[in-house]
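Student: Just dropping this structure here.
Numbering (my numbering), first residue to last: 75 to 299.
If you want it as C-alpha coordinates, here you go:
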(Lines of atoms letter the chains of each structure in order from A; the text may use other names.)
(Lines give C-alpha, C1' and ligand atoms only; values in the text may rest on other atoms or scores of the structure.)
Protein backbone atom coordinates (compact mmCIF):
# COMPACT_ATOMS: atom_id res chain seq x y z
CA UNK A 75 0.00 0.00 0.00
CA UNK A 76 1.15 3.50 -0.82
CA UNK A 77 -0.75 6.07 1.25
CA UNK A 78 -0.69 9.57 -0.22
CA UNK A 79 1.41 12.03 1.81
CA UNK A 80 -0.78 14.48 3.73
CA UNK A 81 1.72 17.32 3.45
CA UNK A 82 0.93 17.94 -0.22
CA UNK A 83 -2.75 18.60 0.39
CA UNK A 84 -2.06 20.81 3.41
CA UNK A 85 0.32 23.09 1.51
CA UNK A 86 -2.08 23.82 -1.35
CA UNK A 87 -4.47 26.21 0.49
CA UNK A 88 -1.57 28.43 1.55
CA UNK A 89 -0.86 29.62 -2.03
CA UNK A 90 -3.95 31.77 -2.84
CA UNK A 91 -3.46 34.24 0.08
CA UNK A 92 0.10 34.87 -1.09
CA UNK A 93 -0.83 35.38 -4.75
CA UNK A 94 -1.94 39.05 -4.54
CA UNK A 95 1.40 40.02 -2.98
CA UNK A 96 3.22 39.79 -6.32
CA UNK A 97 1.55 42.81 -7.99
CA UNK A 98 2.10 44.89 -4.87
CA UNK A 99 5.77 43.99 -4.79
CA UNK A 100 6.06 44.82 -8.47
CA UNK A 101 4.45 48.22 -7.98
CA UNK A 102 6.70 48.92 -5.00
CA UNK A 103 9.76 48.03 -7.04
CA UNK A 104 8.63 50.23 -9.92
CA UNK A 105 8.08 53.31 -7.75
CA UNK A 106 11.78 54.12 -7.15
CA UNK A 107 12.50 53.65 -10.84
CA UNK A 108 9.87 56.22 -11.78
CA UNK A 109 11.17 58.71 -9.23
CA UNK A 110 14.73 58.42 -10.52
CA UNK A 111 13.86 59.96 -13.91
CA UNK A 112 15.82 63.19 -14.58
CA UNK A 113 14.04 66.43 -13.95
CA UNK A 114 10.64 65.06 -12.96
CA UNK A 115 8.87 68.45 -13.22
CA UNK A 116 9.27 68.41 -17.01
CA UNK A 117 6.32 66.76 -18.74
CA UNK A 118 8.32 65.32 -21.66
CA UNK A 119 11.85 64.43 -22.64
CA UNK A 120 13.83 63.64 -25.82
CA UNK A 121 13.39 60.08 -27.00
CA UNK A 122 16.92 59.49 -28.28
CA UNK A 123 20.16 61.28 -29.24
CA UNK A 124 18.79 61.39 -32.78
CA UNK A 125 15.75 63.27 -31.47
CA UNK A 126 18.12 65.76 -29.84
CA UNK A 127 20.08 66.20 -33.07
CA UNK A 128 17.00 66.80 -35.21
CA UNK A 129 15.33 69.09 -32.67
CA UNK A 130 18.36 71.31 -32.14
CA UNK A 131 19.06 71.43 -35.88
CA UNK A 132 15.53 72.70 -36.48
CA UNK A 133 15.92 75.15 -33.59
CA UNK A 134 19.22 76.52 -34.90
CA UNK A 135 17.82 77.06 -38.39
CA UNK A 136 15.17 79.36 -36.90
CA UNK A 137 17.50 81.40 -34.72
CA UNK A 138 18.18 84.43 -36.89
CA UNK A 139 19.05 86.94 -34.17
CA UNK A 140 16.31 86.15 -31.67
CA UNK A 141 17.75 82.86 -30.45
CA UNK A 142 16.47 83.25 -26.89
CA UNK A 143 12.88 83.56 -28.06
CA UNK A 144 13.16 80.51 -30.32
CA UNK A 145 14.78 78.38 -27.63
CA UNK A 146 12.14 79.29 -25.05
CA UNK A 147 9.30 78.54 -27.47
CA UNK A 148 10.71 75.21 -28.66
CA UNK A 149 12.02 73.81 -25.36
CA UNK A 150 9.26 75.03 -23.02
CA UNK A 151 6.08 75.64 -25.00
CA UNK A 152 6.25 73.10 -27.83
CA UNK A 153 8.39 70.14 -26.80
CA UNK A 154 7.98 70.73 -23.04
CA UNK A 155 11.42 69.36 -22.29
CA UNK A 156 11.81 72.08 -19.66
CA UNK A 157 9.42 73.80 -17.32
CA UNK A 158 9.56 77.63 -17.28
CA UNK A 159 11.43 77.49 -13.97
CA UNK A 160 13.96 74.98 -15.31
CA UNK A 161 14.51 77.05 -18.45
CA UNK A 162 15.15 80.18 -16.41
CA UNK A 163 17.67 78.40 -14.20
CA UNK A 164 19.42 76.58 -17.06
CA UNK A 165 19.62 79.71 -19.17
CA UNK A 166 21.20 81.60 -16.26
CA UNK A 167 23.86 78.88 -15.95
CA UNK A 168 24.40 78.87 -19.72
CA UNK A 169 25.04 82.62 -19.65
CA UNK A 170 27.67 82.34 -16.92
CA UNK A 171 29.53 79.55 -18.73
CA UNK A 172 32.04 80.55 -21.43
CA UNK A 173 30.88 80.19 -25.01
CA UNK A 174 27.59 80.83 -26.84
CA UNK A 175 24.60 80.61 -24.51
CA UNK A 176 22.47 78.40 -26.73
CA UNK A 177 25.34 75.95 -27.30
CA UNK A 178 25.85 75.69 -23.55
CA UNK A 179 22.13 75.05 -23.05
CA UNK A 180 22.09 72.34 -25.73
CA UNK A 181 25.11 70.73 -24.09
CA UNK A 182 23.39 70.71 -20.69
CA UNK A 183 20.12 69.25 -21.99
CA UNK A 184 21.84 66.56 -24.04
CA UNK A 185 24.08 65.50 -21.17
CA UNK A 186 21.16 65.46 -18.73
CA UNK A 187 19.25 62.76 -20.63
CA UNK A 188 21.83 60.75 -22.59
CA UNK A 189 25.21 61.64 -21.13
CA UNK A 190 28.11 62.24 -23.50
CA UNK A 191 26.19 60.87 -26.52
CA UNK A 192 23.35 63.29 -25.90
CA UNK A 193 25.68 66.24 -25.43
CA UNK A 194 27.50 65.50 -28.69
CA UNK A 195 24.22 64.99 -30.57
CA UNK A 196 22.71 68.24 -29.30
CA UNK A 197 25.80 70.34 -30.08
CA UNK A 198 26.18 68.68 -33.49
CA UNK A 199 22.58 69.57 -34.25
CA UNK A 200 23.24 73.18 -33.33
CA UNK A 201 26.35 73.43 -35.53
CA UNK A 202 26.38 71.03 -38.49
CA UNK A 203 23.55 72.10 -40.81
CA UNK A 204 23.52 75.76 -39.65
CA UNK A 205 27.24 75.98 -40.48
CA UNK A 206 26.53 75.02 -44.09
CA UNK A 207 23.71 77.58 -44.27
CA UNK A 208 25.88 80.31 -42.76
CA UNK A 209 28.69 79.66 -45.25
CA UNK A 210 26.23 79.86 -48.15
CA UNK A 211 24.73 83.09 -46.81
CA UNK A 212 28.20 84.55 -46.29
CA UNK A 213 29.03 83.95 -49.95
CA UNK A 214 25.78 85.62 -51.02
CA UNK A 215 26.29 88.54 -48.66
CA UNK A 216 29.76 89.17 -50.06
CA UNK A 217 28.16 89.75 -53.47
CA UNK A 218 25.21 91.89 -52.31
CA UNK A 219 26.55 93.70 -49.23
CA UNK A 220 26.55 97.04 -51.04
CA UNK A 221 22.93 96.75 -52.14
CA UNK A 222 20.73 99.30 -50.28
CA UNK A 223 17.79 96.92 -50.23
CA UNK A 224 19.90 94.24 -48.53
CA UNK A 225 21.14 96.71 -45.92
CA UNK A 226 17.58 97.84 -45.20
CA UNK A 227 16.41 94.25 -44.86
CA UNK A 228 19.15 93.50 -42.34
CA UNK A 229 18.21 96.55 -40.27
CA UNK A 230 14.60 95.37 -40.28
CA UNK A 231 15.66 91.93 -39.09
CA UNK A 232 17.58 93.57 -36.25
CA UNK A 233 14.45 95.36 -35.07
CA UNK A 234 12.45 92.14 -35.16
CA UNK A 235 15.15 90.31 -33.21
CA UNK A 236 15.10 92.98 -30.53
CA UNK A 237 11.34 92.61 -30.21
CA UNK A 238 11.62 88.83 -29.91
CA UNK A 239 14.20 89.06 -27.15
CA UNK A 240 12.18 91.67 -25.24
CA UNK A 241 9.01 89.59 -25.50
CA UNK A 242 10.80 86.49 -24.20
CA UNK A 243 12.24 88.44 -21.28
CA UNK A 244 8.78 89.68 -20.33
CA UNK A 245 7.43 86.12 -20.48
CA UNK A 246 10.16 84.91 -18.11
CA UNK A 247 9.67 87.63 -15.49
CA UNK A 248 6.59 86.03 -13.81
CA UNK A 249 8.68 82.94 -12.97
CA UNK A 250 10.68 85.09 -10.56
CA UNK A 251 7.71 85.13 -8.18
CA UNK A 252 8.88 81.72 -6.95
CA UNK A 253 12.45 82.91 -6.33
CA UNK A 254 13.74 82.65 -2.72
CA UNK A 255 14.66 86.36 -2.70
CA UNK A 256 11.15 87.47 -3.56
CA UNK A 257 9.78 89.13 -6.67
CA UNK A 258 10.60 92.72 -5.63
CA UNK A 259 14.25 91.92 -4.88
CA UNK A 260 14.62 90.16 -8.23
CA UNK A 261 13.26 93.24 -10.00
CA UNK A 262 15.87 95.37 -8.21
CA UNK A 263 18.66 93.09 -9.45
CA UNK A 264 17.20 93.23 -12.97
CA UNK A 265 17.21 97.02 -12.86
CA UNK A 266 20.81 97.09 -11.62
CA UNK A 267 21.95 94.84 -14.46
CA UNK A 268 20.09 96.92 -17.04
CA UNK A 269 21.57 100.18 -15.76
CA UNK A 270 25.07 98.75 -15.55
CA UNK A 271 25.06 97.42 -19.12
CA UNK A 272 22.76 99.78 -21.04
CA UNK A 273 23.47 103.09 -19.30
CA UNK A 274 26.93 102.89 -17.73
CA UNK A 275 28.38 100.51 -20.35
CA UNK A 276 30.07 98.30 -17.76
CA UNK A 277 31.54 95.11 -19.28
CA UNK A 278 29.33 92.07 -18.94
CA UNK A 279 31.99 90.09 -17.09
CA UNK A 280 32.15 92.61 -14.26
CA UNK A 281 28.37 92.80 -14.04
CA UNK A 282 28.11 89.02 -13.74
CA UNK A 283 30.90 88.91 -11.19
CA UNK A 284 29.59 91.67 -8.92
CA UNK A 285 25.79 91.72 -9.28
CA UNK A 286 25.55 88.00 -10.05
CA UNK A 287 27.87 87.14 -7.18
CA UNK A 288 25.83 89.16 -4.69
CA UNK A 289 22.57 87.64 -5.95
CA UNK A 290 23.94 84.08 -5.75
CA UNK A 291 25.36 84.57 -2.24
CA UNK A 292 22.13 86.13 -0.98
CA UNK A 293 20.02 83.38 -2.53
CA UNK A 294 22.28 80.73 -1.00
CA UNK A 295 21.66 82.14 2.46
CA UNK A 296 17.89 82.31 1.93
CA UNK A 297 17.54 78.68 0.83
CA UNK A 298 16.67 76.52 3.86
CA UNK A 299 19.23 73.87 4.73
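We treat Cβ as the ideally placed atom computed from N, Cα and C, and that holds for glycine.
Taking 8 Å as the cut-off, decide whether the C-beta atoms of residue 204 and residue 126 are in contact.
Tutor: Start at 1 with the first residue of the chain shown, and residue 204 comes out as number 130. Start at 1 with the first residue of the chain shown, and residue 126 comes out as number 52. Not closer than 8 Å, so no.
Student: Around the Cβ of residue 129, are there at least 16 other Cβ atoms within 10 angstroms (buried) or fewer (exposed)?
Tutor: By one-based count along the chain shown, residue 129 stands at place 55. So residue 129 counts as buried.
Student: For residue 150 versus residue 286, is the C-beta distance shorter than 8 Å?
Tutor: Taking the chain shown and counting its residues from 1, one reaches residue 150 at position 76. Taking the chain shown and counting its residues from 1, one reaches residue 286 at position 212. No. Outside cutoff.
Student: Residue 215: buried (16+ other C-beta within 10 angstroms of its C-beta) or exposed?
Tutor: For the purposes of this step, residue 215 is identified with residue 141 of the chain shown, where counting begins at 1. Burial call: exposed.
Student: Given 7 Å as the limit, tell me if residue 265 has its C-beta closer than that to any heavy atom belonging to the ligand PLP.
Tutor: Questions concerning the ligand PLP fall outside what the structure shown contains, since it holds no ligand whatsoever.
Student: What do you reckon, are the CB atoms on residue 179 and residue 164 nearer than 8 Å?
Tutor: Looking up residue 179 in the chain shown gives position 105. Looking up residue 164 in the chain shown gives position 90. For residue 179 and residue 164, yes; Cβs fall inside 8 Å.
Student: Quick check: the Cα distance between residue 131 and residue 206, rounded to an integer number of angstroms?
Tutor: In the chain shown, residue 131 corresponds to position 57, counting from 1. In the chain shown, residue 206 corresponds to position 132, counting from 1. It is roughly 12 Å from the alpha-carbon of residue 131 to the alpha-carbon of residue 206.
Student: Answer with buried or exposed for residue 218, where buried requires no fewer than 16 other C-beta atoms within 10 angstroms of its C-beta.
Tutor: On the chain shown, residue 218 is found 144 positions in, with the first residue counted as 1. Per the 10 Å Cβ criterion, exposed.
Student: The alpha helix (DSSP H) with residue 217 in it runs from where to where?
Tutor: Position 143 of the chain shown, counted from the start, is the residue given in the question as residue 217. Residue 217 -> alpha helix (DSSP H) spans 175-218.
Student: Identify which residue in 247, 282, 254 has its Cα closest to the Cα of residue 295.
Tutor: The residue labelled residue 295 in the question sits at position 221 within the chain shown. It is 254.
Student: Please name the residue in 133, 158, 124 whose C-alpha comes closest to that of residue 244.
Tutor: Locating residue 244 in the chain shown gives position 170, where the first residue counts as 1. It is 158 whose Cα lies nearest to the Cα of residue 244.
Student: Residue 290: buried (16+ other C-beta within 10 angstroms of its C-beta) or exposed?
Tutor: Locating residue 290 in the chain shown gives position 216, where the first residue counts as 1. Residue 290 comes out exposed.
Student: CA-CA distance, residue 283 and residue 145?
Tutor: Translated into the one-based positions of the chain shown, residue 283 becomes position 209. Translated into the one-based positions of the chain shown, residue 145 becomes position 71. In a straight line, the C-alpha of residue 283 is about 25 Å away from that of residue 145.
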